[in-house]
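J.:
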Amino acid sequence: AMQALETYDRLAELLIHEGRLSEKDRETLIQNQNKSGKNFIDALYDTKLLEETEILGFLSEVTQLPILRLDAYKVEKSIFQILAYKVSKQYAVVPIAKVVAVLTLATAKPLDLIALDDLKEITRCEIRCVLTTPGEIQSFLAAQSNGASSLQQQALREAAVPSADLSARIAPNSTEDKLDEAPVIRM
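Residue numbers 49 to 235, in my numbering, belong to the letters of the sequence shown in order.
(1) Identify the continuous beta strand (DSSP E) that holds V147 and give its terminal residues.
(2) Are there 16 or more other CB atoms within 10 angstroms of the CB of K125, so buried, or fewer, so exposed?
(3) Contact defined as beta carbons within less than 8 Å: I believe D73 pairs with L97. What is the distance between those atoms, to the nearest angstrom?
(4) Hey, is the segment 179-197 in contact with the segment 146-161, meaning 3+ C-beta pairs nearer than 8 Å?
(5) Q79 to E54, Cα distance in whole Å?
(6) Tell me where the alpha helix (DSSP H) around I127 begins and ends.
(7) Nearest-angstrom Cα distance between A60 and I162?
(8) Cα-Cα, which of F128, T101, L77, I103 is closest to A91?
(9) How many Å lie between G67 and Q81 at the Cα?
(10) Is R74 helix, strand or coil by DSSP?
This is the structure we're talking about:
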């Protein structure tokens, strides 16, 4: 828990240093945290002071975790089903890969150590995290609850984009074989 608090402090300091958060904003965030019982990152997302993707970029810089565009990633059904839908929703995580006994989860809350310990216990796997926004997790889980695949939802969202442009954005200069690789972005 101490490590998480230090990371929240480092994140706040980075945001202030980069001019994206004022000292007054930080104080307000801490007051909101104390009232709501939420952690610093959740309180920051709630304020809407910054875009989700901007928060994610700073969080990645502080935690050294990669960012995953969940809406551009094809999650195999067998991998997604490692966790029950209600567990994924409760912990706001999406299983994206499993290699032997290591499960990779897309999450917006990589510092929620209690949740990660619970998930380790539930899955009997070591847990690795990649970062994504709360909005992408909600969209993905909503698509799963509606029975639609990620690709169907993506096709609906991107319907206005010409198909050649869409495939270039999702997998530039790639072959069909590379479409299964994770689109991880370092910021």
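Yeah, the Cβ is synthetic: ideal placement off N, Cα and C, and Gly gets one too.
T.: Answer, in terms of the structure:
(1) As a position in the sequence shown, residue 147 is number 99, starting the count at 1. 141-147 is the extent of the beta strand (DSSP E) around V147.
(2) The residue labelled residue 125 in the question sits at position 77 within the sequence shown. Exposed: under 16 other Cβ atoms inside 10 Å.
(3) Stepping through the sequence shown from its first residue, residue 73 is reached at position 25. Stepping through the sequence shown from its first residue, residue 97 is reached at position 49. With a Cβ gap of about 6 Å, D73 and L97 count as contacting.
(4) yes
(5) As a working note, residue 79 is residue 31 in the sequence shown. As a working note, residue 54 is residue 6 in the sequence shown. The straight-line gap from Cα to Cα measures roughly 18 Å.
(6) If you number the sequence shown from 1, residue 127 lands on position 79. Unbroken alpha helix (DSSP H) run through I127: 125-128.
(7) Within the sequence shown, the letter at position 12 stands for residue 60. Within the sequence shown, the letter at position 114 stands for residue 162. Approximately 22 Å, taken between the alpha carbons.
(8) Your numbering for residue 91 matches position 43 in the sequence shown. Cα-wise, what sits closest to A91 is L77.
(9) Position 19 of the sequence shown, counting from 1, holds the residue named residue 67. Position 33 of the sequence shown, counting from 1, holds the residue named residue 81. Using only the alpha carbons, I get a separation of about 21 Å.
(10) The residue labelled residue 74 in the question sits at position 26 within the sequence shown. Three-state result, R74: helix.
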